[in-house]
């Protein structure tokens with residue numbers, strides 16, 4: 001999901017704070033979920049984004065989805081840099097923003 005800021009006359013880099021819920025899918029059920037959750041949290045915080053919570057939800061056949069709740073400034077590019085960063089982590093199959101709301 002891309003949260004774009006509409007700039008007028010070169011102003012308006014930030015519009016406020018948003019809460020985003022991001023779904024991270026591990027590559028397999030054998031992935032050490034605790035280690036992956038720690039790496040996700042560290043990656044989020046290293047980007048200067050507040051990590052509110054990291055949860056896991058069972059899906060099927062031992063596979064879990066990991067949900068990351070973050071608080072970040074709404075700015076040009078939106079959640080794209082975060083999605084790209086999380087997608088690059090070892091043992092991550094996919095990253096999807098499932099919900100965004102104003103804080």
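Residue numbers (full-length UniProt numbering): 1 to 103.
Note that the Cβ used here is the ideal one computed from N, Cα and C, for glycine as well.
Do you know how far the Cα of residue j is from the Cα of residue i?
i	j	result
residue 20	residue 59	21 Å
residue 8	residue 74	The predicted position of residue 8 is uncertain, since its pLDDT is 43 and thus under 50; a value taken from the coordinates is nonetheless stated next. Distance between the alpha carbons of residue 8 and residue 74: 16 Å.
residue 85	residue 97	13 Å
residue 12	residue 76	Reliability fails at residue 12, whose pLDDT of 45 lies under 50, so the model's placement of it is uncertain and the value that follows must be treated cautiously. Cα-Cα distance, rounded: 9 Å.
residue 18	residue 100	7 Å
Spell out the partners DSSP gives residue i in its beta bridges.
i	result
residue 99	21
Output yes or no for whether 8 Å exceeds the beta carbon distance between residue i and residue j.
i	j	result
residue 40	residue 71	no
residue 63	residue 22	no
Looking at the secondary structure, which residues open and close the alpha helix (DSSP H) in which residue i lies?
i	result
residue 58	First-last for residue 58: 50–60, but that is the beta strand (DSSP E), not the alpha helix (DSSP H).
residue 44	33–46
Can you tell me where the beta strand (DSSP E) with residue i in it begins and where it stops?
i	result
residue 113	Outside the displayed range of the chain (1 to 103) lies residue 113, so it cannot be described from this structure.
*Okay, do the stretch 23–38 and the stretch 83–93 touch, 3+ Cβ pairs below 8 Å being the bar?*
Segments in contact, yes.
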